[in-house]
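Structure, as structure tokens:
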Amino acid sequence: MNRADFPILNETVHGRPLVYLDNAATSQKPQQVLDAIVEAYSTWNSNIHRGVHHLSQVATMHHEEARKAVAQFINARGPEEIVFTKGTTDAINALAFSIGELLLNEGDEIIVSGLEHHSNIVPWQMVCERKKAVLRHIPLKADLSLDIEAFKGMLSEKTKFVSAAHVSNVLGTIQPVKEIIELAHERNIPVCIDGAQSVPHMRVDVQDLDCDFLAFSGHKMYGPTGIGVLYGKRKWLENLPPHEGGGEMINHVRWSGTTYNELPYKFEAGTPNFVGSFALQKAIEYMEHVGMEAIEKHERELTEYCEKRLGELESVNVYAAGQPKVGVISFNVGDIHPFDIGTLLDQQGVAVRTGHHCAEPLIDELGVPGTVRVSFGLYNDKNDIDLFIAALQKAQMMLS
Numbered sequence: 003m004n005r006a007d008f009p010i011l012n013e014t015v016h017g018r019p020l021v022y023l024d025n026a027a028t029s030q031k032p033q034q035v036l037d038a039i040v041e042a043y044s045t046w047n048s049n050i051h052r053g054v055h056h057l058s059q060v061a062t063m064h065h066e067e068a069r070k071a072v073a074q075f076i077n078a079r080g081p082e083e084i085v086f087t088k089g090t091t092d093a094i095n096a097l098a099f100s101i102g103e104l105l106l107n108e109g110d111e112i113i114v115s116g117l118e119h120h121s122n123i124v125p126w127q128m129v130c131e132r133k134k135a136v137l138r139h140i141p142l143k144a145d146l147s148l149d150i151e152a153f154k155g156m157l158s159e160k161t162k163f164v165s166a167a168h169v170s171n172v173l174g175t176i177q178p179v180k181e182i183i184e185l186a187h188e189r190n191i192p193v194c195i196d197g198a199q200s201v202p203h204m205r206v207d208v209q210d211l212d213c214d215f216l217a218f219s220g221h222k223m224y225g226p227t228g229i230g231v232l233y234g235k236r237k238w239l240e241n242l243p244p245h246e247g248g249g250e251m252i253n254h255v256r257w258s259g260t261t262y263n264e265l266p267y268k269f270e271a272g273t274p275n276f277v278g279s280f281a282l283q284k285a286i287e288y289m290e291h292v293g294m295e296a297i298e299k300h301e302r303e304l305t306e307y308c309e310k311r312l313g314e315l316e317s318v319n320v321y322a323a324g325q326p327k328v329g330v331i332s333f334n335v336g337d338i339h340p341f342d343i344g345t346l347l348d349q350q351g352v353a354v355r356t357g358h359h360c361a362e363p364l365i366d367e368l369g370v371p372g373t374v375r376v377s378f379g380l381y382n383d384k385n386d387i388d389l390f391i392a393a394l395q396k397a398q399m400m401l402s
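Residue numbers (my numbering): 3 to 402.
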């Protein structure tokens with residue numbers, strides 16, 4: 003894991019070397035990704051799919067090669083199953099609108115889990131309000147794992163869709179999404195997986211999972227902001243109506259009506275983020291060069307080491323302690339407010355996340371105002387954790 007590839011890690015914060023442990027919010031970018039952005043704007047910047055001139059043809063080629071790279075990365079059946087979006091939130095919002103139009107009637111139900119990020123709650127609340135449907139959530143057991151037996155009892159002829167996070171952005175725990183998908187498919191219910199916290203950290207194979215949809219963001223996987231992916235099985239994408247109208251997503255436009263473009267362009271209205279897709283491809287190539295299995299192993303070891311070190315400290319409460327996690331740990335220190343901990347850590351150069359992490363229903367379940375969250379990337383090492391623990395001990399001493 004070559005830290006030297008990430009220029010920002012050489013920065014200092016308040017006179018201290020930066021220890022960046024906020025990767026669940028966004029990851030830092032390797033030089034290869036930064037160079038790709040400069041290359042795109044400097045050498046072949048031009049709108050795609052619209053021009054016969056050289057620059058447009060080159061830009062189009064790079065954009066579509068990126069689509070192929072994404073499809074291969076998650077083992078989609080083909081690039082036509084890859085829809086580029088602005089990110090996970092945009093992908094789920096687009097899907098929610100289209101699912102609502104195709105499947106939902108008054109009284110129908112959508113199920114999400116009790117561990118969801120707001121981006122996998124609010125879009126479904128909005129579509130349920132519009133269609134007079136009902137949003138339900140899988141409850142949690144005492145150990146903060148999903149109650150799958152309860153989920154089985156929730157499934158009925160009213161259930162039209164299920165959407166669940168692969169990895170909790172608060173707890174870091176890996177959810178039994180394959181079992182959720184199998185149970186839903188027994189009733190022919192389609193399932194979306196929020197892969198924002200899994201795709202950057204572990205091998206995700208959509209054919210193995212058999213999910214109908216998968217959403218994830220580029221900026222959490224060492225790529226740029228403003229680019230994300232909605233994977234969808236072809237059979238669903240062909241039947242879903244588009245969520246936006248405009249250029250690119252059309253075949254023919256007449257005053258009498260419009261016909262839509264072929265997949266995946268039916269869902270990509272307007273000028274796409276072709277620079278972002280090119281840079282995302284470079285991020286994928288970087289991750290594949292390191293090796294997804296190596297990344298997962300490295301980050302699991304860091305997570306286990308950090309949880310062990312936290313367990314040695316007095317008054318520290320780690321949530322979902324001992325459960326398998328992927329690169330995320332949430333904790334609190336006694337009755338100290340997480341913002342106070344985060345502020346004192348920042349003054350020592352350690353970047354963590356504090357608050358409700360856009361998952362207020364889960365934080366309410368925990369009965370706390372928020373948590374301190376540390377999250378790891380491929381460039382972190384045990385020295386980062388040791389520096390964090392030392393800074394935390396100092397903060398704890400100052401606030402006691």
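Glycine included, each C-beta is placed from N, C-alpha and C at the ideal position.
Bridge partners for K327 per DSSP, in chain order?
K327 pairs with T175.
Would DSSP call S200 helix, strand or coil?
Assignment of S200 by DSSP, reduced to helix, strand and coil, places it in the coil class.
Taking S279 as part of the alpha helix (DSSP H), name the residues at either end of that continuous run.
Its alpha helix (DSSP H) spans residues 276-292.
Is it the case that the segment 198-218 contacts the segment 73-80, given that we only count it when at least three CB pairs across the two stretches are under 8 angstroms?
In short, these stretches touch, since the Cβ pair count reaches three.
Touch check for the segment 128-138 and the segment 112-119: three-plus C-beta pairs under 8 angstroms?
Between the segment 128-138 and the segment 112-119 there are three or more C-beta pairs closer than 8 angstroms, enough to call the two in contact.
Just the Cα atoms here: how many angstroms apart are E246 and I229?
Spanning the alpha carbons of E246 and I229 requires a straight line of approximately 17 angstroms.
Do you know offhand how far I338's Cα is from P32's?
Taking the straight line from one Cα to the other gives about 36 angstroms.
Reference Q350, options F390, F333, V330, closest by Cα
Comparing Cα-Cα distances from Q350 to each of F390, F333, V330, the minimum goes to F390.
Buried or exposed: which applies to P9, given that a residue is buried once 16 or more other Cβ atoms fall within 10 Å of its Cβ?
By the neighbour-count rule (16 or more Cβ atoms within 10 Å), P9 is not buried but exposed.
L347 versus E13: straight-line alpha-carbon distance, rounded:
Approximately 16 angstroms between the Cα atoms of the pair.
How big is the Cα-Cα spacing for S100 and L242?
Spanning the two alpha carbons is a distance of roughly 6 angstroms.
Between the beta-carbon of H120 and the beta-carbon of A353, is there less than 8 angstroms?
At the C-beta level, H120 and A353 stay beyond 8 angstroms of one another.
P19 in three-state terms, based on DSSP
Reduced to three states, the DSSP call for P19 is strand.
Beta-carbon proximity list for N334, same chain, < 7 angstroms, skipping 5 on both sides
Leaving aside the five residues that flank N334 on each side, the residues in its chain whose CB is nearer than 7 angstroms to its CB run, in chain order, N319, P340, V370, T373, V374.
Within 10 angstroms of its Cβ, does H221 collect 16 or more other Cβ (buried), or is it exposed?
Residue burial is scored here from C-beta neighbours: H221 has at least 16 other C-beta atoms within 10 angstroms and is therefore classed as buried.
Ends of the alpha helix (DSSP H) at V114?
It is not in any alpha helix (DSSP H) - V114 instead sits in the beta strand (DSSP E) that spans 111-115.
Taking Cβ to Cβ, would you say L117 is nearer than 8 angstroms to V330?
Contact annotation: L117 and V330 have beta-carbon atoms that are not nearer than 8 angstroms.
What does the Cβ neighbour count give for G344, buried or exposed, with the cut at 16 atoms within 10 Å?
When all chains shown are included, G344 counts as buried.
For V328 and D383, the rounded distance between their alpha carbons
Taking the Cα positions, D383 is about 15 angstroms away from V328.
Quick one: grab the DSSP three-state call for C308.
In this structure, C308 counts as helix in the three-state DSSP scheme.
Do you know how far the Cα of S165 is from the Cα of S29?
A direct Cα-to-Cα measurement between S29 and S165 gives close to 24 angstroms.
So K133 and L97 are in contact, right, with Cβ under 8 angstroms, and what is the actual spacing, rounded?
By a beta-carbon distance limit of 8 angstroms, K133 does not contact L97. Their separation comes to about 14 angstroms.
If we call anything under 8 angstroms between Cβ atoms a contact, is A61 one with F276?
Yes, the Cβ-Cβ distance between A61 and F276 is below 8 angstroms.
Residues bridged to N334 by DSSP?
In DSSP, N334 forms a bridge with N319.
In the DSSP output, which residue or residues are listed as bridge partners for S121?
For S121, which the question treats as bridged, DSSP gives no partner whatsoever.
Between D212 and the ligand GTP, is there a pair consisting of the residue's CB and a ligand heavy atom that are separated by less than 7 angstroms?
Because no ligand of any kind appears in the structure shown, any question about the ligand GTP cannot be addressed here.
Coil, strand or helix - Y381 by DSSP:
In the structure shown, Y381 sits in coil (DSSP, three-state: anything other than H, G, I, E or B).
Does the separation of the CB atoms of D214 and K235 fall below 8 angstroms?
Yes, these two residues count as a Cβ contact at 8 angstroms.
Residue from T45, V21, Y224, M251 whose Cα sits closest to the Cα of F86
The shortest C-alpha separation from F86 is found at M251.
Rounded straight-line distance, which links the Cα of A144 to that of T227:
The straight-line gap from Cα to Cα measures roughly 36 angstroms.
Taking 6 angstroms as the limit between beta carbons, can you name the residues of its chain near D212, skipping five residues before and five after?
The residues are I183.
Less than 8 angstroms separating the beta-carbons of G272 and G248?
With contacts defined as CB atoms closer than 8 angstroms, G272 and G248 qualify as a contacting pair.
Cα-Cα separation between H16 and K396, rounded to whole angstroms:
Between H16 and K396, the C-alpha separation is close to 16 angstroms.
Nearest-angstrom Cα separation, counted from D210 out to A322
Roughly 27 angstroms separates the two Cα atoms.
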